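Numbering (my numbering), first residue to last: 9 to 231.
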């Protein structure tokens, strides 16, 4: 197998590595059964955790999370931009006036309240550099991207995907693609819900719609 398709054995920040940490956390908290809900990369981590700990994870709900298709040029642009963003994050950015405004409009269908733009700026500046850069690079390799559909196909637990109809970062077609590897897809996307007028931050843009979808999924599988 080409070396480019083999994940490095020392990768510390892959979704699989984070999933192991999550499983250990559930054990330490004494949680024996749980549904996992993950947004974006968190959705991939939840899927890996379900694969690693099927006795604990009863089901997974992925929000704005999909993939399984490696587009070389797009991923390279994303990684390059991400490297720059992670490395250039001086603390004084949080004091610049109006810088929170573009962050309240980025990756969403409608502008968020200013408080969310400010929070996104604070999160960006406060993120631990090694972990942020490691997660960016380790989760976007060709090997990692191609492993995710295999993980979904192995899962016996229920898996549901919530997509934002206007999500430009994780377009609905890529959510449907990953969802199609699970038996519950059933050729017509039965395990996918699309929220209208919604971008990549569904839980902030449309919290009631996301909550209703989650409750509906849980009720269906716990009936």
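Backbone N, C-alpha and C fix where the C-beta goes; we use that ideal spot for every residue, glycine too.
Remember, predicted model here, so these are calculated numbers, not experimental data.
Under 8 Å between C-beta atoms of residue i and residue j
| i | j | result |
| --- | --- | --- |
| residue 87 | residue 148 | yes |
| residue 202 | residue 171 | yes |
| residue 51 | residue 71 | yes |
| residue 229 | residue 180 | no |
| residue 69 | residue 39 | no |
| residue 94 | residue 140 | yes |
| residue 119 | residue 113 | yes |
| residue 159 | residue 59 | yes |
Beta-carbon proximity list for residue i, same chain, < 6 Å, skipping 5 on both sides
| i | result |
| --- | --- |
| residue 161 | 189 |
| residue 30 | 57 |
| residue 83 | 148 |
| residue 126 | 108 |
| residue 197 | 184 |
Whole-angstrom C-beta distance between residue j and residue i, which should lie under 8 Å
| i | j | result |
| --- | --- | --- |
| residue 216 | residue 207 | Not really, about 16 Å apart at Cβ, beyond 8 Å. |
| residue 178 | residue 74 | 5 Å |
| residue 111 | residue 85 | At roughly 20 Å, the Cβ-Cβ gap does not stay under 8 Å, so residue 111 and residue 85 are not in contact. |
| residue 76 | residue 185 | 6 Å |
| residue 49 | residue 143 | 7 Å |
| residue 209 | residue 115 | 6 Å |
| residue 176 | residue 47 | The Cβ separation is near 16 Å, so there is no contact. |
Beta-carbon contacts of residue i that lie in its chain and below 7 Å, excluding the five residues immediately before and after
| i | result |
| --- | --- |
| residue 12 | Note on residue 12: pLDDT 42, under 50, position unreliable in the model; no value is reported. |
| residue 34 | 42, 64 |
| residue 174 | 117, 205, 206, 207 |
| residue 221 | 170, 201 |
| residue 199 | 167, 168, 169, 187, 190, 192, 193 |
| residue 124 | 112, 212 |
| residue 164 | 62 |
| residue 225 | 69, 168 |
| residue 157 | 76, 186, 189 |
| residue 155 | none |
| residue 81 | none |
Residues near residue i in its chain [Cβ-Cβ closer than 8 Å; skip 5 each side]
| i | result |
| --- | --- |
| residue 107 | 101, 129 |
| residue 14 | The predicted position of residue 14 is uncertain, since its pLDDT is 46 and thus under 50; a value taken from the coordinates is nonetheless stated next. So the list reads 151, once near-sequence residues are dropped. |
| residue 182 | 74, 75, 76, 77 |
| residue 218 | 71, 170, 203, 210, 211 |
| residue 17 | Low confidence applies to residue 17: its pLDDT is 46, below 50, so where it sits in the model is not reliable enough to give any reading. |
| residue 122 | 108, 109, 112 |
Per DSSP, the bridge partner or partners of residue i
| i | result |
| --- | --- |
| residue 201 | 170 |
| residue 43 | 67 |
Contact with chain C by residue i, beta-carbon distance below 8 Å
| i | result |
| --- | --- |
| residue 33 | In the displayed structure, chain C is absent; only one protein chain is listed. |
Contact between the segment 89 to 105 and the segment 130 to 144: three or more CB pairs below 8 Å? The segment 89 to 105 is in contact with the segment 130 to 144.
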